[in-house]
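Numbering-wise (our numbering), the sequence shown opens with residue -4 and increments by one.
Ideal Cβ positions, reconstructed from N, Cα and C, are used throughout, including at glycine.
Single-structure report; data block below.
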Amino acid sequence: MSPRDRSVPQHRYLLGWIVGITALAVLACAVPLGLTVRRLYVDEATADLDRLVSGLQTAPPAGGRGGLPVIGDASRIVGLYGPGGQRLLGEGPSSSAAAASAGDGHIHDTFEDGQLTATAPLVHPRGTMTVVRVGVPGTLIRHRTERAWAATALAALALLALAAVAARRIAGRAQRPVEQLAQALRRLDEAVARERAFSTDVAHQLRTPLTRLLLGLEAGLHRPDDDPHTAIRTAIGRGWALVDTVEELLRLARDEDDREPLDVVRVLERVRDRHEPDVRAAGRSLALTVRRPLPPVVASSAAVTQILDVLLDNALTHGAGTITVTAYHSDPALAVDVMDEGPGPRPGDDVFERRPATGSGEAHGLGLSIARSLAHAEGGRLYLSRTDPAVFTLLLPTSAPPPRPRTGSRSCAAS
């Protein structure tokens, strides 16, 4: 697949890269941010607990071991412990290692029994010591962290959505020049292919009549006793026929829609007059039959003329006996049969197939392939309707055919 045929995958590739890089950047920021948020919530709760227990140290409750500190916050779990870590009053585990560690006179922060706790020693007026333990459920911190993470995730999704929209616009703008270049390259390829096919077809169409013209002049030179005017007149006729052929081929190559109501009889008579000298020179005869009335046809006279030229050249080169051209109405089309008295092609031969050029440089089967392509371009058909004797039938629609596409289908090249 060439690069110009991959514009859509390239567009998706660029879009995927932009969104993917944005997703990695968001993930690289969101993970540390989430961990930092959790750490901040833990530090905030720890500082709040430390502040509470510090306040209780400076103003211990009266009554020694019998007074439970009151902090006025129902979410806090308060317990009073002995120096050995055994609970005396309040809530909390019956035995607390955190409370036992506070016997050194310092505030301790730790996670214990699913709670974030702060413990501090309390010295009573009588010299006795207890330990206050204040905790907050870990679920509260976790819920606050999860809400922050959810908000971060929503923000990240919104950012990714914006990135996708922006990436689509950027990729579209970046791809537009590539697509325009690809279209230009496709048009250039089609033009080059059309010109090559046209050159090949023109060479084929001109080779036979030009050869006959030269052979006629050579024959006149080798017969000095004959009247030279006959050979000259024949050569002039063949030369003008070549001029007509070139003009018709150029009209077809311009890729213009020159269809108009076709004077079928006039076209047939012109083609007959063009080929009759060659047919007589070969010792054969050419008959034209028109079964009236003929239906009206809209077609290119140049294309129809070239098709008939190919059929008559084929009959003259490969056929035998009288060449008969018959035009008649074959509902819903106009039919033109070209028949000769030769044996026709062998069974199984595809006479319309283009075959590679031989050592002489001539591609066999080219003329009929050109003619069939021209017939298709006119909305008609060209086929071998009988093999013995060979009869080629051209069908042209009586209704106006659709406009020709401007991609070379109406040139001489076979598709």
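Among T31, A92 and L257, which residue has its Cα nearest to the Cα of A298?
-> L257
Among residues of its own chain, excluding the 5 on either side of L411, which ones have a beta-carbon nearer than 6 Å to its beta-carbon?
-> Because the chain is modelled from -4 through 410, residue 411 falls outside the range shown and cannot be assessed.
Determine the extent of the beta strand (DSSP E) in which H103 is found, giving its start and end residues.
-> H103 to E107
Is it a yes or a no for the stretch 86 to 97 touching the stretch 111 to 122, going by three-plus beta-carbon pairs under 8 Å?
-> yes
Where the beta strand (DSSP E) containing H324 begins and where it ends = I318 to S325 is the span of the beta strand (DSSP E), which, as asked, contains H324.
Which two residues bound the contiguous beta strand (DSSP E) that contains S296?
-> Run containing S296: none in the beta strand (DSSP E); it sits in the alpha helix (DSSP H), S296 to H313.
Using a Cβ-Cβ cut-off of 7 Å (strictly less than) and excluding sequence neighbours within five positions of I136, which residues of its own chain qualify?
-> Y36, V37, A40 and L111
Per DSSP, E255 forms a beta bridge with which residues?
-> DSSP links E255 through a beta bridge to A294.
Quickly, what does DSSP pair I72 with across the bridge? List them, please.
-> I72 is bridged by DSSP to G130.
Nearest-angstrom beta carbon gap, V292 and L263 [assumed within contact, 8 Å] | About 12 Å separates the two Cβ atoms, so there is no contact after all.
Between T353 and G314, what straight-line distance do the alpha-carbon atoms span, to the nearest angstrom?
-> Residue placement at T353 is poorly supported in this model, since its pLDDT is 48, which falls under 50; the coordinates are not used for a value here.
Going along the chain, which residues of its own chain have a beta-carbon closer than 8 Å to the beta-carbon of G234, five neighbours each way excluded?
-> Cβ neighbours of G234 beyond the five flanking positions: L208.
For V274, which residues from the same chain have a beta carbon less than 7 Å from its beta carbon, with the 5 sequence-adjacent residues on both sides left out?
-> S280, L281, L311 and I318
Give me whichever residues DSSP pairs with S90 in a beta bridge.
-> Q81
Throw me the rounded Cβ distance for the W144 and G29 pair, which I believe falls under 8 Å.
-> 5 Å
Under the three-state reduction of DSSP, which class applies to S355: helix, strand or coil?
-> Caution is warranted here: a pLDDT of 44 is assigned to S355, below 50, making its placement in the model unreliable, and the coordinate value is therefore given only provisionally. Of the three classes helix, strand and coil, the one that applies to S355 here is coil, per DSSP.
Secondary structure at R191, three-state DSSP: helix, strand or coil?
-> Correct three-state label for R191: helix.
Report the residue from G100, G87 and A294 whose alpha carbon sits nearest the alpha carbon of Q52.
-> G100
What three-state label does DSSP hand D332 in the structure shown?
-> For D332, the secondary structure class from DSSP, reduced to helix, strand or coil, is strand.
Integer-rounded CB distance, given that V129 should sit under 8 Å from R71 | 6 Å
By the 10 Å Cβ neighbour count, where 16 or more other Cβ atoms means buried, how is G362 classified, buried or exposed?
-> buried
Classification of Q301 by the beta-carbon crowding that lies within 10 angstroms, buried from 16 upward = buried
Helix, strand or coil: how does DSSP classify T225 here?
-> Taken through DSSP and simplified to helix, strand or coil, T225 comes out as helix.
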